[in-house]
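Chemist: The listed protein sequences derive, respectively, from chains Y and W. Just so you know, we're using numbering that gives the first Met the number 0 here: the first sequence kicks off at 0 and counts up by one. Just so you know, we're using numbering that gives the first Met the number 0 here: the second sequence kicks off at 0 and counts up by one. A virtual CB, placed ideally from N, CA and C, is assigned to each residue, including glycine.
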Amino acid sequence: MPLLPKNWPLWLLVLVLITLPIGVGLLWLFLTALFDQVHGLRPVGDFSPENWRFFTEGSVGGRPSIWVALKNSILFAAAVATLEVLIASMAAYAISRMKFPFRTPYLGMILVLHAFPAVSLLIAIYYILRVLGLFDTLIGVILVKASLELPLGIWLMKGFFDQLSWDMEMAALVDGASRWTVFWKVALPLVRPGILALGTFALLSAWGEFILPFTFIVSGKSWTLALYMQSFMREAFVDYGLMAAVGLFYAAPVLLLFLLGQRYLLNIYSGGVKG
Amino acid sequence: MKRGIPVRLEGLSKRFGRVEAVKRLDLEIGAGELVAFLGPSGCGKTTTLLMIAGIYRPTTGAVYFGDRRVDPLHPRDRDVGMVFQSYALYPHLTLFENIAFPLRLKKVPDAEVRARVQKTADLLGIGHILERKPAQVSGGQQQRAALARALVKEPQVLLLDEPLSNLDAQIRLSARAEIRRLQQELGVTAILVTHDQAEALAMADRVAVFSMGELQQYDTPEVLYHRPKNTFVAGFVGSPPMNLIEGTFTGDGFRSGELRIPIPGAPTGKGWLGVRPEHLALGEGGHPARVLVVEPLGREVLVVAEVAGVRLQVLLPEDRRPEPGGQVGVVFPERATLHFFDETGRRIGPE
Numbered sequence: 000m001p002l003l004p005k006n007w008p009l010w011l012l013v014l015v016l017i018t019l020p021i022g023v024g025l026l027w028l029f030l031t032a033l034f035d036q037v038h039g040l041r042p043v044g045d046f047s048p049e050n051w052r053f054f055t056e057g058s059v060g061g062r063p064s065i066w067v068a069l070k071n072s073i074l075f076a077a078a079v080a081t082l083e084v085l086i087a088s089m090a091a092y093a094i095s096r097m098k099f100p101f102r103t104p105y106l107g108m109i110l111v112l113h114a115f116p117a118v119s120l121l122i123a124i125y126y127i128l129r130v131l132g133l134f135d136t137l138i139g140v141i142l143v144k145a146s147l148e149l150p151l152g153i154w155l156m157k158g159f160f161d162q163l164s165w166d167m168e169m170a171a172l173v174d175g176a177s178r179w180t181v182f183w184k185v186a187l188p189l190v191r192p193g194i195l196a197l198g199t200f201a202l203l204s205a206w207g208e209f210i211l212p213f214t215f216i217v218s219g220k221s222w223t224l225a226l227y228m229q230s231f232m233r234e235a236f237v238d239y240g241l242m243a244a245v246g247l248f249y250a251a252p253v254l255l256l257f258l259l260g261q262r263y264l265l266n267i268y269s270g271g272v273k274g
Numbered sequence: 000m001k002r003g004i005p006v007r008l009e010g011l012s013k014r015f016g017r018v019e020a021v022k023r024l025d026l027e028i029g030a031g032e033l034v035a036f037l038g039p040s041g042c043g044k045t046t047t048l049l050m051i052a053g054i055y056r057p058t059t060g061a062v063y064f065g066d067r068r069v070d071p072l073h074p075r076d077r078d079v080g081m082v083f084q085s086y087a088l089y090p091h092l093t094l095f096e097n098i099a100f101p102l103r104l105k106k107v108p109d110a111e112v113r114a115r116v117q118k119t120a121d122l123l124g125i126g127h128i129l130e131r132k133p134a135q136v137s138g139g140q141q142q143r144a145a146l147a148r149a150l151v152k153e154p155q156v157l158l159l160d161e162p163l164s165n166l167d168a169q170i171r172l173s174a175r176a177e178i179r180r181l182q183q184e185l186g187v188t189a190i191l192v193t194h195d196q197a198e199a200l201a202m203a204d205r206v207a208v209f210s211m212g213e214l215q216q217y218d219t220p221e222v223l224y225h226r227p228k229n230t231f232v233a234g235f236v237g238s239p240p241m242n243l244i245e246g247t248f249t250g251d252g253f254r255s256g257e258l259r260i261p262i263p264g265a266p267t268g269k270g271w272l273g274v275r276p277e278h279l280a281l282g283e284g285g286h287p288a289r290v291l292v293v294e295p296l297g298r299e300v301l302v303v304a305e306v307a308g309v310r311l312q313v314l315l316p317e318d319r320r321p322e323p324g325g326q327v328g329v330v331f332p333e334r335a336t337l338h339f340f341d342e343t344g345r346r347i348g349p350e
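1) Tell me whether the beta-carbon of W/D160 lies closer than 8 Å to the beta-carbon of W/M50.
2) Work out the CA separation of Y/G260 and W/F36 for me, nearest whole Å.
3) Could you tell me the alpha carbon to alpha carbon distance between W/E245 and W/P261, rounded to whole angstroms?
4) Between which two residues does the beta strand (DSSP E) holding W/F15 run?
5) Is there at least one Cβ from chain Y nearer than 8 Å to W/A207's Cβ?
6) Which residues, in chain order, does the segment 88-102 of chain W contribute to contact with chain Y at a C-beta distance below 7 Å?
7) Determine the closest residue to Y/Y92 out of Y/Y239, Y/V190, Y/F29, with distance taken between C-alpha atoms.
8) Quick one, which residues of the segment 153-181 of chain Y are near chain W if we go by CB-CB under 8 Å, in chain order?
9) Buried or exposed for Y/M108, going by 16 or more other Cβ atoms inside 10 Å?
10) Give me the Cβ distance between W/A307 and W/L258, rounded to the nearest whole Å; I'm assuming they're in contact under 8 Å.
11) Starting from the C-beta of W/G234, find all residues in its chain whose C-beta is less than 7 Å away, skip the five residues before and the five after it, and write them out in chain order.
12) Which same chain residues, not among the five before or five after W/L352, have their C-beta less than 7 Å away from its C-beta?
13) Which chain W residues are close to Y/Q188, counting only those with a beta carbon under 7 Å from its beta carbon?
14) Looking at the unbroken beta strand (DSSP E) that takes in W/V206, where does it start and where does it end?
15) How would you call Y/R233, buried or exposed, if buried means at least 16 neighbouring beta carbons within 10 angstroms?
16) So which residues on chain W does Y/V185 lean against when the C-beta distance must stay under 7 Å?
17) Just to make sure I have the definition right: I need the residues of chain Y whose C-beta is within less than 9 Å of the C-beta of W/S137. Which are they?
18) Say whether chain Y places a C-beta atom closer than 8 Å to the C-beta of W/A52.
19) How is the alpha helix (DSSP H) around W/Q117 delimited, first residue to last?
20) Taking only the alpha-carbon atoms, compute the straight-line gap between Y/P4 and Y/I94 and give it to the nearest angstrom.
21) How about W/F248: is its C-beta nearer than 8 Å to some C-beta of chain Y?
22) Whole angstroms are fine: how far does the CA of W/F209 sit from the CA of W/P5?
23) Could you give the distance in angstroms between the alpha-carbon of W/A149 and the alpha-carbon of W/P101?
24) Just how far apart, CA to CA, sit Y/T81 and W/A134?
25) Among W/G186, W/L296, W/R143, W/S164, whose alpha-carbon lies nearest the alpha-carbon of W/D195?
26) Distance cutoff 8 Å, beta carbons only. Does W/L104 sit that close to anything in chain Y?
27) With 8 Å as the threshold, decide whether the Cβ of W/F36 is near any Cβ in chain Y.
28) To the nearest angstrom, how far is the alpha carbon of W/A145 from that of Y/F99?
29) Considering just the uninterrupted stretch of the alpha helix (DSSP H) at W/G234, what are its terminal residues?
30) Mind checking who W/T247 pairs with in its DSSP beta bridge?
31) Under 8 Å, with one C-beta from each stretch per pair, do the segment 216-226 of chain W and the segment 52-60 of chain W reach the 3-pair mark?
32) Just to make sure I have the definition right: I need the residues of chain A whose C-beta is within less than 8 Å of the C-beta of W/M81. Which are they?
33) Going by other Cβ atoms of all chains shown within 10 Å of its Cβ, with 16 needed for buried, is Y/L230 buried or exposed?
34) Nearest by alpha-carbon distance to W/G297: which of W/G285, W/L314, W/S12 is it?
35) For W/P227 and chain Y, any beta-carbon pair shorter than 8 Å?
36) Kindly indicate which residue of W/G285, W/V309, W/L281, W/P321 has the alpha-carbon position closest to the one of W/E294.
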């Protein structure tokens with residue numbers, strides 16, 4: 000255990016003050032979701048499950064069922080994460096291990112793509128999706144989201160593959176493996192921490208994605224939870240209680256995933272791959 | 000198990016960009032022979048081994064296993080087993096699955112995999128720890144597991160890349176003997192890459208000495224020791240290394256600065272005189288010398304003495320220990336144990 004700094008109560012106070020706005024926000028979310036009416040942070044109504052009616056009522060205010068939105072969000076996040084992990088691992092392995100023409104410019108391009116603001120691409124992507132007939136489909140948004148996330152994923156996985164010893168792969172080749180087998184049976188199992196980290200990261204990022212589904216999805220049957228929530232803001236009278244309840248429902252899986260996956264997320268920064 | 004096959008390298012070279020790591024190498028290894036590739040690091044010995052394994056593609060030249068030309072083949076089609084310096088065990092698999100890996104890739108039926116892994120592991124004395132992961136066993140056991148993995152598919156050629164250099168000195172000696180015993184028992188053709196000349200001399204039928212990507216000499220340990228082809232081999236093989244004195248041969252002797260050694264029937268011209276430390280002696284009537292260092296080696300004593308500006312290493316029996324700083328006489332041996340090299344370092348006289 001490291002020793003506490005000399006004036007630790009002061010530091011603690013500073014930290015608490017910095018964290019306070021977020022804490023207050025969360026508190027508001029909980030209170031608003033659980034009580035009939037809340038003024039500021041003071042519940043004025045009764046404790047009531049009224050705000051959670053979206054669970055039982057098939058459709059709240061003409062919206063599609065929350066379960067459809069939940070299903071779409073899960074599908075969206077899972078598909079994006081799977082695609083991203085799969086493609087990023089294979090691309091990163093190739094970049095890390097093989098020599099091919101234009102490798103260095105390609106690496107540079109990936110970095111540029113990563114830095115490129117996705118919002119500025121929205122109109123072009125809209126046309127592309129229209130041409131491909133993928134506008135207003137979940138698949139279309141999945142492809143767009145996965146592509147935009149790939150550069151980061153490739154760089155991340157490349158870092159993990161770079162740390163693997165060549166000897167191990169040479170040994171596998173001599174043992175009779177093809178390059179393909181080496182990738183699946185030797186290299187990939189050894190970068191498991193990287194895969195888990197990237198997977199968790201991709202899941203979280205896709206789960207919270209708003210602008211892409213908002214732009215490219217119109218019909219209710221393809222709504223994700225983010226769109227479901229946003230739909231409350233479009234009304235003249237915003238039912239904050241209902242919105243807070245949906246918000247909590249939306250945030251719960253992320254909290255759970257983060258609790259389970261934070262060990263792997265930390266790996267992104269430390270980058271250790273010891274077997 | 001099947002017998003090993005001969006390996007032949009023809010005009011083999013390898014370039015990395017501008018660096019020529021291996022230069023036009025011709026070499027033949029007999030069936031069931033153990034040959035050591037010996038040389039300092041960066042001499043091209045590991046590059047050559049990796050070309051034989053099929054990891055590197057030769058820039059020019061060919062590799063034959065028996066009559067089969069293998070250099071265009073993928074490693075898996077070559078029937079070689081290899082042990083790496085780092086052992087390169089798969090850390091995510093148990094020792095059993097590590098050893099079974101080559102068989103699994105060949106789609107050998109499960110029962111046979113079990114039997115063969117167990118047999119090979121027992122042969123190497125690691126049959127009782129097969130369920131452990133590599134990180135849970137000692138370095139010596141990892142080395143055995145790596146050897147078992149190389150041997151389990153009963154290869155015709157066994158490649159060993161510095162397999163002992165990560166072991167403790169104590170285990171290294173027994174591992175040396177064990178690898179040699181196994182190799183002879185199985186009759187597999189083996190190539191051992193090492194920078195340790197004692198290891199090469201002790202284990203190999205023949206030793207190929209490399210320097211700067213070129214083969215310097217390829218012969219039995221005895222010939223290498225007693226008739227080194229050039230000053231590089233003379234200085235690299237043997238411990239402590241041979242004394243090499245630069246000077247001039249005068250037909251009846253050798254001169255280097257103030258030092259004059261009469262040698263009947265010596266060649267003429269500039270060159271190098273080589274003499275092994277164990278062939279020098281201290282005694283009356285020798286060349287006057289000053290003792291610089293006395294280093295007890297257990298059974299013997301290594302003395303560094305300076306004779307007329309030339310430093311010589313002399314190996315003496317333990318009971319003859321001079322004082323550092325003292326004056327002694329260094330006695331040169333008969334002609335038969337002296338080595339003559341010309342200006343370019345090539346051996347003069349009987350091959």
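Modeler: Considering the structure as presented:
1) W/D160 places its beta carbon 8 Å or farther from that of W/M50.
2) Each residue's CA atom was taken as its position, placing W/F36 and Y/G260 some 50 Å apart.
3) A straight-line Cα-Cα distance of about 15 Å links W/E245 and W/P261.
4) Where W/F15 is concerned, the enclosing beta strand (DSSP E) stretches over 6-15.
5) Taking a beta-carbon distance threshold of 8 Å, W/A207 does not count as an interface residue toward chain Y.
6) Listed in chain order, the positions of the segment 88-102 of chain W with a beta carbon within less than 7 Å of a beta carbon of chain Y are Y89, P90, H91, F100, P101.
7) If we check each option's Cα against that of Y/Y92, Y/V190 comes out closest.
8) Considering only beta carbons, the part of the segment 153-181 of chain Y lying closer than 8 Å to chain W consists of S164, D166, M167, M169, A170, A171, L172, V173, D174, G175, A176, S177, T180, in chain order.
9) Exposed, by the Cβ-count rule.
10) Going by Cβ atoms, the distance from W/A307 to W/L258 rounds to 4 Å, so yes, they are a contact pair.
11) Hits under 7 Å: P240, M241, L243.
12) This structure cannot settle anything about residue 352 of chain W, because the visible part of chain W is limited to 0 through 350.
13) According to the sequence as given, residue 188 of chain Y is Pro; it is not Gln. Those within 7 Å of Y/P188 in chain W are H91.
14) It spans 205-210 - the beta strand (DSSP E) in which W/V206 sits, taken as one unbroken run.
15) Taking every protein chain shown into account, the CB of Y/R233 has fewer than 16 other CB atoms within 10 angstroms, so this residue is exposed.
16) Simply Y89.
17) Identification of chain Y residues near W/S137 by a Cβ-Cβ cut-off of 9 Å yields none; the smallest Cβ-Cβ distance measures about 17 Å.
18) Yes - at least one Cβ of chain Y is within 8 Å of the one on W/A52.
19) 109-122 is the span of the alpha helix (DSSP H), which, as asked, contains W/Q117.
20) Their backbone Cα atoms lie some 45 Å apart in a straight line.
21) No, because no Cβ of chain Y sits closer than 8 Å to the Cβ of W/F248.
22) The straight-line gap from Cα to Cα measures roughly 20 Å.
23) As the crow flies, the alpha-carbon of W/A149 is around 8 Å from that of W/P101.
24) If you draw a straight line from the Cα of Y/T81 to the Cα of W/A134, it is about 31 Å long.
25) Residue W/S164 holds the alpha-carbon nearest to the alpha-carbon of W/D195 among W/G186, W/L296, W/R143, W/S164.
26) Yes, because at least one Cβ of chain Y sits closer than 8 Å to the Cβ of W/L104.
27) Chain Y places no beta carbon closer than 8 Å to that of W/F36, leaving this residue out of the contacts.
28) Going by the C-alpha atoms only, they are around 32 Å apart.
29) 230-235 is the extent of the alpha helix (DSSP H) around W/G234.
30) Looking at the DSSP assignment, W/T247 forms a beta bridge with W/R254, W/K269.
31) Here the segment 216-226 of chain W makes no contact with the segment 52-60 of chain W; the two share fewer than three CB pairs at distances below 8 Å.
32) Of the chains in the structure shown, none is chain A; the protein chains are Y and W.
33) As written in the sequence, residue 230 of chain Y is Ser, which differs from the Leu given in the question. Classification for Y/S230: buried.
34) The residue among W/G285, W/L314, W/S12 with its C-alpha nearest the C-alpha of W/G297 is W/L314.
35) It does not: the Cβ of W/P227 has no partner Cβ on chain Y nearer than 8 Å.
36) Closest option to W/E294, Cα to Cα, is W/P321.
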